[in-house]
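Q: Dumping the structure here so I can ask a few things about it.
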Amino acid sequence: MEVFWRLGYEGTPMTDLTAAMGIASPSLYTAFGSKEALFRQAVEHYRETEGREIRGGVEQAGSAHDAIENYYVTVQQGMLIQVRDGASHRDLEAVTQAALAAWPARGRE
Numbered sequence: 012m013e014v015f016w017r018l019g020y021e022g023t024p025m026t027d028l029t030a031a032m033g034i035a036s037p038s039l040y041t042a043f044g045s046k047e048a049l050f051r052q053a054v055e056h057y058r059e060t061e062g063r064e065i066r067g068g069v070e071q072a073g074s075a076h077d078a079i080e081n082y083y084v085t086v087q088q089g090m091l092i093q094v095r096d097g098a099s100h101r102d103l104e105a106v107t108q109a110a111l112a113a114w115p116a117r118g119r120e
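FYI, the numbering for the sequence shown is 12 to 120, going by the numbering used here.
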């Protein structure tokens, strides 16, 4: 995720990804199939790991209003960092989709 964050999805060359992962290009394609598949899996992994902290903060909020406010303030701050670092519209859409997917199911009812 760090390489994608730093360079944006479109601006991230495969050579930077393989260097960051410490693997050869054929290994990346064997494991993930494509840059897009790697990105999607990285977002999902981030959602499952880092998203736990976000969900924990939401679940500990005093009210539903506080939970929603805390969650979206956190998402907004993350997106502002992405914009500052040159994220494309597509990158921001991916962040938005990950944020929506990370919201606890009981919060959507």
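Backbone N, C-alpha and C fix where the C-beta goes; we use that ideal spot for every residue, glycine too.
#1: Is the number of C-beta pairs between the region 99-113 and the region 47-64 that are closer than 8 Å three or more?
#2: Quick one: Cα of Ala98 to Cα of Tyr57, how far?
#3: Between the Cα of Val86 and the Cα atoms of Arg95, Ala110 and Ser36, which residue gives the shortest distance?
#4: Here's a check: name, in chain order, each residue in its chain whose Cβ is nearer than 8 Å to the Cβ of Met25, leaving out the five neighbours to either side.
#5: Under a three-way DSSP split, which group does Ser36 fall into?
#6: What's the C-alpha gap between Ala27 and Thr60?
#7: Please classify Val94: is it buried, with 16 or more other beta-carbons within 10 angstroms of its beta-carbon, or exposed?
A: So, from the data block:
#1: yes
#2: Approximately 17 Å between the Cα atoms of the pair.
#3: When each option's Cα is compared against that of Val86, the closest is Ala110.
#4: Ser36, Leu39 and Lys46
#5: helix
#6: In the sequence as displayed, the identity of residue 27 is Asp instead of Ala. One C-alpha to the other measures close to 23 Å.
#7: That one is exposed.
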